[in-house]
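This report refers to the structure that appears directly beneath it.
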Amino acid sequence: VSLSSGLWQMASGTNEMDVKLRLAHAFGVYPCPIKDAVISLGEDTFAFCVGRHVALCHQSRQRLCFLGRETRHRIVTAITKSHSGKLIAIGERVGSGDGSNQHAAQISIVGVPKDLGDNKDVKDETLKVLHPANKKLDIIDLAFTGDGKHLVSLSSMPDCTVAFWRWDVEKLMSSHDLQIPVSRVHVNPSNVAQISVGGHSYLRLWDFNAWSHSDQGLTEQPSLFPLKQEKAMKVVDHCWALSSFLCAASEDGHIHIFQD
Numbered sequence: 354v355s356l357s358s359g360l361w362q363m364a365s366g367t368n369e370m371d372v373k374l375r376l377a378h379a380f381g382v383y384p385c386p387i388k389d390a391v392i393s394l395g396e397d398t399f400a401f402c403v404g405r406h407v408a409l410c411h412q413s414r415q416r417l418c419f420l421g422r423e424t425r426h427r428i429v430t431a432i433t434k435s436h437s438g439k440l441i442a443i444g445e446r447v448g449s450g451d452g453s454n455q456h457a458a459q460i461s462i463v464g465v466p467k468d469l470g471d472n473k474d475v476k477d478e479t480l481k482v483l484h485p486a487n488k489k490l491d492i493i494d495l496a497f498t499g500d501g502k503h504l505v506s507l508s509s510m511p512d513c514t515v516a517f518w519r520w521d522v523e524k525l526m527s528s529h530d531l532q533i534p535v536s537r538v539h540v541n542p543s544n545v546a547q548i549s550v551g552g553h554s555y556l557r558l559w560d561f562n563a564w565s566h567s568d569q570g571l572t573e574q575p576s577l578f579p580l581k582q583e584k585a586m587k588v589v590d591h592c593w594a595l596s597s598f599l600c601a602a603s604e605d606g607h608i609h610i611f612q613d
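Counting from 354, one number per residue, gives the positions in the sequence shown under the numbering used here.
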């Protein structure tokens, strides 16, 4: 059961009709759970998705505020942070607002405010908005490169498009339609031009070369498993550890570790 709710503070001016609503608290996930719905922004600070919003919680100061961005007719479908913790990328499904089922996918790059404990009205911190080629498919995963200059996105089936963006100029550098059910992308912490992609019967590395004319700059590397083994297994999730180890969990309960 999905749940989205919020408590609103009311501040009245001298005129009884002068009423202002400010979001004070929220809980729940809508319409369904997403990957990395809770992400750490520091030793005692974390961000979490709730409905259309992204909440910022400062534990030691016991403060809760919300990331400044447009939220009307939007649903969060993916989220990630930069390694510095100063940027958050949010995959969004934007509704038309006219009651129809029309919607479009986009990615918002938002700056994290320095004072997370500030209870004042949060201004819009959106820096850039990226628009995928196929706007009908949700963005299901995101990953920044280690230097924070590029962003990798993954769209849902049937295309399952891996896209490599230079987000500061809203430029799509390269993309490739995998057309297989993959669900996770990461960037090698030691190599900003290498992407790991995992999912059902699939775990591969992709290299990005801006000067390559083959496959628009993205090159798929051979399977990390023997082909028969890869086709028979389902990679539930994977991550990079200690900057040089790729760890993959399969549905049968095994953890596979590869050294870069």
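Ideal Cβ placement from N, Cα and C applies to all residues, glycine included.
According to DSSP, residues forming a beta bridge with residue i
{"i": "A442", "result": "T433, I462"}
{"i": "R416", "result": "H411"}
{"i": "L483", "result": "I460"}
{"i": "D494", "result": "L507"}
{"i": "A400", "result": "I392, L409"}
{"i": "G552", "result": "V535, Y555"}
Assigned secondary structure, residue i (DSSP; H/G/I helix, E/B strand, else coil)
{"i": "F611", "result": "strand"}
{"i": "E573", "result": "strand"}
{"i": "Q582", "result": "helix"}
{"i": "V545", "result": "coil"}
{"i": "D521", "result": "helix"}
{"i": "G499", "result": "coil"}
{"i": "S506", "result": "strand"}
{"i": "R476", "result": "Here residue 476 is Lys; the residue named in the question, Arg, does not match the sequence. Residue state, collapsed to three classes: coil."}
{"i": "H529", "result": "strand"}
{"i": "I428", "result": "strand"}
{"i": "K587", "result": "strand"}
{"i": "G381", "result": "coil"}
{"i": "A563", "result": "coil"}
{"i": "S358", "result": "Confidence is the limiting factor: at S358 the pLDDT is only 43, short of 50, which leaves the residue's position unreliable, though a coordinate-based value still follows. Strand."}
{"i": "L599", "result": "strand"}
{"i": "R422", "result": "coil"}
{"i": "G448", "result": "strand"}
Counted within 10 angstroms of its Cβ, other Cβ atoms place residue i as buried (16 or more) or exposed
{"i": "R405", "result": "buried"}
{"i": "W564", "result": "exposed"}
{"i": "L356", "result": "Because the pLDDT of L356 is 38, which lies under 50, any placement of that residue in the model is unreliable, and the question is left without a value."}
{"i": "C402", "result": "buried"}
{"i": "R422", "result": "buried"}
{"i": "S549", "result": "buried"}
{"i": "K584", "result": "exposed"}
{"i": "L580", "result": "exposed"}
{"i": "K476", "result": "exposed"}
{"i": "K439", "result": "exposed"}
{"i": "D397", "result": "exposed"}
{"i": "G513", "result": "A small fix is needed here, since residue 513 is Cys in this sequence, not Gly. Counting Cβ neighbours within 10 Å, C513 comes out buried, since at least 16 surround it."}
Residue i versus residue j - alpha carbon distance
{"i": "Y555", "j": "H436", "result": "26 Å"}
{"i": "G499", "j": "V482", "result": "20 Å"}
{"i": "Q574", "j": "D389", "result": "26 Å"}
{"i": "E445", "j": "W520", "result": "15 Å"}
{"i": "L495", "j": "H503", "result": "11 Å"}
{"i": "F399", "j": "E523", "result": "27 Å"}
{"i": "G359", "j": "F419", "result": "Bear in mind that the predicted position of G359 carries a pLDDT of just 46, short of 50, making it unreliable; the figure below should be weighed with that in mind. When rounded, the distance between both Cα atoms is 12 Å."}
{"i": "Q582", "j": "S576", "result": "10 Å"}
{"i": "V538", "j": "R427", "result": "23 Å"}
{"i": "V588", "j": "H553", "result": "6 Å"}
{"i": "S536", "j": "I493", "result": "7 Å"}
{"i": "D613", "j": "Q547", "result": "11 Å"}
{"i": "V391", "j": "S506", "result": "18 Å"}
{"i": "R425", "j": "S527", "result": "30 Å"}
{"i": "P386", "j": "I460", "result": "18 Å"}
{"i": "N487", "j": "A458", "result": "8 Å"}
{"i": "V540", "j": "V465", "result": "21 Å"}
{"i": "C600", "j": "H607", "result": "10 Å"}
{"i": "L394", "j": "A408", "result": "12 Å"}
{"i": "K434", "j": "D491", "result": "18 Å"}
Residue nearest to residue i in terms of C-alpha spacing, selected from the options
{"i": "F611", "options": "S596, D605, S528", "result": "S596"}
{"i": "K489", "options": "D477, S509, M526", "result": "S509"}
{"i": "E604", "options": "D560, G551, F598", "result": "G551"}
{"i": "I462", "options": "L480, V447, N454, L531", "result": "L480"}
{"i": "A442", "options": "H591, P542, T430", "result": "T430"}
{"i": "F517", "options": "L571, D397, A601, A379", "result": "L571"}
{"i": "P485", "options": "E478, H411, V515", "result": "V515"}
{"i": "C410", "options": "D468, G448, Q455, N541", "result": "D468"}
{"i": "F497", "options": "V545, L531, P534, N454", "result": "V545"}
{"i": "W559", "options": "I533, Q455, L525, H529", "result": "H529"}
{"i": "L417", "options": "S449, G448, H378", "result": "H378"}
CB contact check: residue i to chain B, cutoff 8 Å
{"i": "A442", "result": "You won't find chain B in this structure, because it holds only one protein chain."}
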